[in-house]
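Residue numbers (the UniProt record's numbering): 1 to 288.
Ideal Cβ positions, reconstructed from N, Cα and C, are used throughout, including at glycine.
Predicted model, so just to flag it, every value in this text is computed and none were measured.
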Ligand SMILES: C[S@@+](CC[C@H](N)C(=O)[O-])C[C@H]1O[C@@H](n2cnc3c(N)ncnc32)[C@H](O)[C@@H]1O
């Protein structure tokens, strides 16, 4: 593995790489489209019930939560939400985001909120007897130590067979899945579930006999022809491999193989002049 370190161990590099991803991918737009068109249809049995308990796991800055919860407010006028995130900075931003919408929208008057600065693992330890009607996790299951245990705990906290869980996660048909399947053994390992894709999650749900659906959400990450010498190209490769300075620090042979796969038509397609890496997501809707 020749000195490769996980991208998550280098905050500065991670932020640069993540910003290249944000600038060049349709991920947020694709998620928002799914939330606006399909979320409420997917959880239609919750409709009309008041005083429901919701749990947002790994809320980040809360911006996506606002979009999710505003959609739900159209069918349920009153609910309580608990936001859980271990990052002090993120939960602070989440508080600000939610305070701003609450201050500006009457619809939010009947939404009670609670913020918990903790991992979902620690939250479960303290709250295993609490029950929730709707639990959602957006792009966060990569960061837990044991995603199978977390899924089991989440199912345990769902109130009954009418409760819903939603996970938005990298699809097993995406370019990431191809790269990780072929090379994760030679990419940096840490104690998180970095290289987990949607089928790993649905396989675990199946072992717990949880009914689920898995819908593909199309999304692209525009990458660059020259991934080896341009800074943006290198940062895009870091994001895909989850390894910091992969092009510069990886074994030459490994770097060549990974770049070839990234550019191959099993991971990317051309749209005009742009090379579009398959950034497809899965929306997994599940029950207890
Ligand atoms: C990629 S961000 C996604 C944020 C947000 N859900 C979104 O989609 O915009 C992942 C979030 O998971 C949080 N996280 C990391 N480990 C976690 C854990 N063990 N339990 C709960 N959240 C965690 C991080 O702090 C981060 O805010």
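Own chain residues within Cβ distance below 8 angstroms of residue i, not counting five before or after
| i | result |
| --- | --- |
| residue 157 | 55, 124, 127, 128, 130, 131, 132 and 135 |
| residue 38 | 215 and 283 |
Chain-order list of residues whose beta-carbon lies under 6 angstroms from that of residue i (same chain, five-residue window excluded)
| i | result |
| --- | --- |
| residue 43 | 164 |
| residue 304 | The chain is shown only over 1 to 288; residue 304 falls outside these bounds and no answer can be derived. |
| residue 162 | 45 |
| residue 300 | Here the chain covers residues 1 to 288 and nothing more, so residue 300 does not appear. |
| residue 180 | 195 |
| residue 98 | 62 and 113 |
| residue 52 | 79 and 133 |
| residue 208 | 155 |
Residue span of the alpha helix (DSSP H) that contains residue i, given as start and end
| i | result |
| --- | --- |
| residue 100 | 88–104 |
| residue 239 | 231–241 |
| residue 207 | 198–207 |
| residue 7 | That residue, residue 7, is in no alpha helix (DSSP H); it is neither H nor E in DSSP. |
| residue 28 | 27–34 |
| residue 279 | No alpha helix (DSSP H) holds residue 279; DSSP gives it neither H nor E. |
| residue 178 | 175–183 |
| residue 247 | 246–249 |
| residue 167 | Looking at the DSSP string, residue 167 is not in any alpha helix (DSSP H); the run it does join, the beta strand (DSSP E), is 164–170. |
Near ligand 1: residue i beta-carbon under 6 angstroms from a heavy atom
| i | result |
| --- | --- |
| residue 147 | no |
| residue 64 | yes |
| residue 140 | yes |
| residue 229 | no |
| residue 143 | yes |
| residue 85 | yes |
| residue 60 | yes |
| residue 119 | yes |
| residue 189 | no |
| residue 110 | no |
Continuous beta strand (DSSP E) stretch holding residue i: start and end
| i | result |
| --- | --- |
| residue 268 | 268–271 |
| residue 114 | 111–116 |
| residue 137 | 134–138 |
Expected contact under 8 angstroms - CB spacing of residue i and residue j to nearest Å
| i | j | result |
| --- | --- | --- |
| residue 27 | residue 279 | 6 angstroms |
| residue 67 | residue 32 | 6 angstroms |
| residue 192 | residue 34 | Their Cβ separation, rounded to whole angstroms, is 25 angstroms, which puts residue 192 and residue 34 out of contact at 8 angstroms. |
| residue 223 | residue 275 | 5 angstroms |
| residue 5 | residue 188 | 6 angstroms |
| residue 120 | residue 81 | That belief does not hold up - the Cβ atoms of residue 120 and residue 81 are roughly 15 angstroms apart, past 8 angstroms. |
Identified DSSP bridge partners for residue i
| i | result |
| --- | --- |
| residue 264 | None, per the DSSP bridge assignment. |
| residue 193 | Looking at the DSSP assignment, residue 193 forms no beta bridge with any residue, so it has no partner. |
| residue 71 | According to DSSP, which records beta bridges pairwise, residue 71 is partnered with nothing at all. |
| residue 157 | Answer is none; residue 157 lacks a bridge partner. |
| residue 324 | Any answer about residue 324 is impossible in this case: the structure gives the chain only from 1 up to 288. |
| residue 215 | 283 |
| residue 223 | 275 |
| residue 83 | 56 and 115 |
Neighbourhood of residue i by C-beta distance below 7 angstroms, restricted to the same chain and skipping five residues each side
| i | result |
| --- | --- |
| residue 212 | 202, 205, 284, 285 and 286 |
| residue 118 | 84 and 86 |
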